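Please read the structure below before turning to the comments.
Residue numbers (the numbering used here), protein chains in the order written: chain A, 1 to 317; chain B, 1001 to 1523.
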């Protein structure tokens, strides 16, 4: 198990390095002058020269890359040109919105999706099953921005239970901050919960027909007990894969919902940074997203190995 | 009074009846066998007795255990099943929960049904089935097929049942392991005075184990009586057919092989373990310095227990894998495996064991059968179609079948089609990897007869891989015995099986079940 985790961690580090290389050289070595790109075609030569020095563009590419990576390892992501502030601080501020939002959405989708999937599988072919599956179908089909607007109309405009948008920083009032995240996380969680319910149901239905369930029943368990003791854990394997992918999607895919609810999250930061051609900021934010996604994948892999002993072995049998 | 009494049992799925009007009784302490081909309803009968029938099945008639009808309440039935009936199934690979340690799975069975009759613990049960306490800490995938079947038996014993139902418990195991498991079941039944209901399509296993036998066909009882009498002097015509099909005719006179077709010289195949990390263990030698040659028209058999490297060697011969060292020659052309030139590839064909898995379910059989002809580039479409039609006729099937899909065919028909597919390139050498072990007894005979006829008509050469010594004896001119990647003994089947020299050969020969109807079998 330790060897397994070590190997996966090595892979994780290698992925990060590759991503850093790709991000750096794609943004930096493409034809054209980054300084020119940032300032636009109307910029004066003097201004360009100042910015070049400021960005350190005089040094050779590999030195700049090493400098960039070394800086990030020490927590220095460079300085944003448009906002005139350290990139690390900007990203950190925004992560305080995006990460709780993604986490909350994740928790919601697991709490709603998994039980619904189990219920649908338990009463397969009955009315409950059909209704849950129709709902899940709609949940996947409805766009989250539209669902977000519906939620706002109902809970913020008509009922006035929750704020329609905006965000109060955690340091000012944690309770208000949390209230601001409720509607957006519901909007985000809906499609994910629908997918989870479907996957959980299919996995459980598959597991019902497995030989080891018959063995468990032969031991003296009823179908329900056999499913509960032996089926659910086996059915969780495919669900775990989907969960990992979903968390990655939630972290990177909050941009639309952030816009609907006027949340100052990472997605909006990147969106504006691209619009303002702030290469340093885009680069820093992108590597943070890559880090979040690969870390999620690493955790999924390790969780997988914890559940399934076959994956802990060196060679497949 | 009988321990188990089944009266007028019928099992229906929708409109079709899978088991019809079946009545029989099993006495306490008796060893009762049910024999029949796939689809005869023998497994459904066992599932009906245990209340484990799949959803959608309707049951009629009555089943009584110890004079008491089976409870209709699911929970009561489940507990009764755990306490009084032990069950062992065919597939040891999938019958255990892969995520839970063996010991915990046995422990669960004990705690569910554990009686008050003295201390019953996991290590004692493991010992009783010939395993050690350390096996309890393992997971299912860390055990061999035979060991898993032992675990299944241990779990079945946990409730101290009166009745043990074993449904094809050894069909998925190799010959040596099969014999050991049969011996174990016999021994445990005798020691515990347990009643056995043994279900199999293998008449020899039934004959070796059971005192009374019931023959089933298409859900109906065909014949019921003492095993020795039923197999020696069958009353029903169908039983007679089954008995005849399970014996092999030994051909007379050895054929003289033609000039050398394939030569294998010092072939080894190593598998590296543990991925790319340099400090991992030493490589596994699946095939170790194998050397032999096959003459044109010869049938050479490769026998050995599972995992001895037979299939790996066959894959190298047909060019699906490459030897780590050593080399091969086909018709004088040297190769090492995957580098087998396309012009020669059509001279070798492979027939797989599993007729269900070896066809693409979404392709018509016509397309599947035509695929190998990509190797014969000079042919027009019309010529290709003609080749496929000829091959299908050669295996005794109708060319109209080519428009249909694999699921529409029975196992025997599919294996015929697999042989037809192997024939379309007009090969010289056919590699047959357990060609009949997935088939019913009666169908097995037909397929073997077909193979013998094709060999005579087309002068084919066979490399036959099997663990069934009786089949090998009927088919092969020469036998190679493999163990742990090495060829340990070779010779003609008659001589080899009569006077085995190597320990492995002796073990294989000793594991053979006695011929049925010969003399009362003793295990």
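Virtual Cβ for every residue (Gly too), placed ideally from N, Cα, C. Because the structure is a prediction, the values reported are computed rather than measured.
Within chain B, no residue has its beta carbon less than 9 Å from that of residue 15 of chain A; the closest one is some 16 Å off. Looking at the DSSP output, residue 1167 of chain B sits in a beta bridge with B:1199. Listed along the chain, the chain A residues whose CB falls inside 7 Å of the CB of residue 1081 of chain B are 218 and 220. Taking all protein chains in view, the Cβ of residue 137 of chain A is surrounded by fewer than 16 other Cβ atoms within 10 Å, so the residue is classified as exposed.
Within the segment 1013-1082 of chain B, the beta strand (DSSP E) runs of at least 3 residues that lie entirely inside it are, in chain order, 1016-1027, 1031-1035 and 1057-1065. When the five nearest sequence neighbours on each side are left out, the beta carbons in the same chain lying within less than 7 Å of the beta carbon of residue 57 of chain A are those of 34 and 35, in order along the chain. Among the residues facing chain A, residue 1155 of chain B is included, as its CB has a counterpart in that chain under 8 Å away.
Beta-carbon to beta-carbon, residue 1129 of chain B and residue 1184 of chain B are separated by about 6 Å, close enough to satisfy the 8 Å threshold. Residue-level contact check: residue 1050 of chain B touches chain A, since one or more beta carbons of chain A fall below 8 Å from its beta carbon.
Between residue 1044 of chain B and chain A, the shortest Cβ-Cβ separation is not below 8 Å. In terms of CA proximity to residue 1160 of chain B, B:1082 leads the group B:1172, B:1313, B:1201 and B:1082. Interface with chain B (8 Å Cβ-Cβ cutoff): residue 307 of chain A is included. Here the alpha carbon of residue 1467 of chain B sits roughly 58 Å from the alpha carbon of residue 287 of chain A.
In this structure the segment 139-159 of chain A lies against the segment 253-268 of chain A, because at least three pairs of beta carbons, one per stretch, are closer than 8 Å. With fewer than 16 other beta carbons inside 10 angstroms of its own, residue 130 of chain A counts as exposed. Using a C-beta cut-off of 8 Å, the segment 1432-1447 of chain B makes contact with the segment 1347-1354 of chain B, since at least three inter-stretch Cβ pairs fall below that distance. The alpha carbon of residue 168 of chain A has as its nearest neighbour, out of A:107, A:94, A:111 and A:20, the alpha carbon of A:94. Residue 160 of chain A sits in coil when the DSSP states are folded into three classes, being neither helix nor strand.
Taking one beta carbon from each stretch, the segment 1326-1334 of chain B and the segment 1437-1456 of chain B have fewer than 3 pairs nearer than 8 Å; the two do not touch. Where residue 1302 of chain B is concerned, the enclosing beta strand (DSSP E) starts and stops at 1299-1303.
Between residue 1293 of chain B and residue 1315 of chain B, the C-beta spacing is not below 8 Å.
Considering only beta carbons, the part of the segment 1064-1097 of chain B lying closer than 7 Å to chain A consists of 1074, 1075, 1078, 1079, 1081, 1082, 1083, 1087, 1089, 1091, 1094, 1095, 1096 and 1097, in chain order. Annotation for residue 72 of chain A: the continuous alpha helix (DSSP H) segment containing it runs 61-73. As the crow flies, the alpha-carbon of residue 157 of chain A is around 18 Å from that of residue 258 of chain A. Within the same chain, Cβ atoms closer than 7 Å to the Cβ of residue 104 of chain A are found at 181 and 185, the five residues on either side in sequence being excluded. Residue contact check for residue 1418 of chain B against chain A: no CB pair falls below 8 Å.
If you look at residue 1456 of chain B, you'll find it in the alpha helix (DSSP H) that goes 1441-1458. Rounded to the nearest whole angstrom, the C-alpha separation of residue 1233 of chain B and residue 1227 of chain B is 10 Å. In the DSSP assignment, residue 115 of chain A falls outside any beta strand (DSSP E) and within the unbroken alpha helix (DSSP H) covering 87-122. Taken in chain order, the members of the segment 193-215 of chain A whose beta-carbon sits within less than 7 Å of a beta-carbon on chain B are 210, 211, 212, 214 and 215. Ranked by Cα distance from residue 1420 of chain B, the options B:1283, B:1471, B:1359 and B:1478 are led by B:1359. The beta carbon of residue 259 of chain A does not come within 8 Å of any beta carbon belonging to chain B, so the residue lies off that interface. Inter-residue distance for residue 1272 of chain B and residue 1286 of chain B is about 11 Å (C-alpha atoms, whole angstroms). Boundaries of the beta strand (DSSP E) harbouring residue 1462 of chain B: 1461-1466, taken from the DSSP string. Beta-bridge partners assigned by DSSP to residue 241 of chain A: none are found. With a cut-off of 8 Å on Cβ pairs, the segment 236-250 of chain A is not in contact with the segment 48-55 of chain A, counting fewer than three such pairs.
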